[in-house]
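Numbers in my numbering are just positions in the sequence shown, counted from 1, shifted up by 464.
A short worksheet on the structure shown next.
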Amino acid sequence: IPTHEYLDQMWNRRAFALAMPIEEVRATHQDTLLGNVWHLANPLLSVGVYYVVFGVFLNANRGITNYVLWLMVGVFTFGLTTRSVVAGATTMTANVGLMRSMRFPRALLPISTVFGRLLTFGFELVIIALVAVLTGEGLSRRVLALPVILVIHTALNLGLAFIAARLNDTFRDVQQLIPFLFRLLMYVSGVMIPLGTFLDKEGASPLLLRAVTLNPMVSIINLYRWVFLNEAIDVTNTIEMLGIVTVILVFGFGFFRARELHYGRS
């Protein structure tokens, strides 16, 4: 069917796309003692581990006055994309029964998955804001830019989730590779260590420098740090990131939709 009709069908089913992730968030960890507290406990524990390893042992916090907040923003932000893509990869294979019993635009499954991870990220943003206040950074008018940043970030996550969902529906090994790929990507996204630590060194490869600046996660993380830590942002890199995110979203949606009739049949 034409794209505009497909989008109309998605809009008409928006309540379905919103209800699924809300119920999923409620159900996750419900059989554990702490329940949904784990939505916050897991990333906080990760921040604690990375702080000890990179801040204490490797002294990666040189030149950063508020490394705890700096690290927290990076870990939480990158974690949202990782969780969105990992969950997006398995959303088609995990909902075969639903697809066989109901007719709906299949793109709603990756969308609802990404939206569910965005819900839990909202709580993480509250934690970041609290830490910013408690550590003396405070909150400025830059927080008003958060909705725009979240839209950009979600667009990237959606595009990547669409791509991962189709690839994993065809090649089931993809879901095993994605966490490994994101662990590698984390080290070149400025999550735990400032990229300038190794990119500003004499003799650094210009090709490597260019590849890093084209990584959209670098600019997205920097936008969040601009909000909460008043860090400078590179306008040129940010504009390039917007173009890359747009391409990923449009390509991802088209790539996913091209297999629309095959989902749930294999």
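Positions of the beta carbon are idealized from the N, C-alpha and C atoms, including for glycine.
Keep in mind that this is a model prediction, so the values were computed, not measured.
Selection Leu598, Gly561, Arg581 and Leu509 evaluated against Glu488 yields Arg581 as nearest (Cα-Cα).
Taken through DSSP and simplified to helix, strand or coil, Met705 comes out as helix. Taking 8 Å as the upper bound for CB-CB distance, Leu573 and Thr554 are not in contact here, some 10 Å apart. In the three-state reduction of the DSSP assignment, Ala571 falls in the coil class, being assigned neither a helical nor a strand state. Per DSSP, Tyr688 is one residue of the alpha helix (DSSP H) stretching across Pro680 to Leu693. Comparing alpha carbon positions, the residue from Ile685, Val532 and Arg570 closest to Glu724 is Arg570. Between the segment 711-719 and the segment 618-629 there are three or more inter-stretch CB-CB distances shorter than 8 Å, so the stretches are counted as touching.
Spanning the alpha carbons of Thr541 and Leu504 requires a straight line of approximately 13 Å.
Note on His468: under 16 other CB atoms within 10 angstroms of its CB, so exposed under the neighbour-count rule. Judged by DSSP in its simplified three-state form, Asp472 adopts helix.
Gly728 sits close to Met563, with the two beta carbons spaced by under 8 Å. Taking C-beta atoms as the reference points, Phe719 and Leu533 fail to come closer than 8 Å.
Take Thr577, set aside five residues on each side of it, and the residues of its chain with a beta-carbon closer than 6 Å to its own are Ala551, Gly552 and Thr555, in chain order. About 13 Å separates the beta carbons of Leu620 and Phe585, which is beyond the 8 Å limit, so they are not a contact pair. Annotated three-state conformation of Arg526 is coil, per DSSP. Judged by DSSP in its simplified three-state form, Asp637 adopts coil rather than helix or strand. Nearest in C-alpha terms to Phe717, of all of Ile575, Leu672 and Met656, is Ile575. By the Cβ rule, the segment 603-623 does not count as touching the segment 509-516, because fewer than three pairs are nearer than 8 Å. Judged by DSSP in its simplified three-state form, Glu601 adopts coil rather than helix or strand. For Arg606, the closest alpha carbon among the candidates Asn694, Asp698 and Asn530 is that of Asn694. Within a 10 Å sphere around the beta-carbon of Pro466 sit fewer than 16 other beta-carbons, which makes this residue exposed. About 6 Å separates the CB atoms of Val537 and Ile592; that is less than 8 Å, so the two are in contact.
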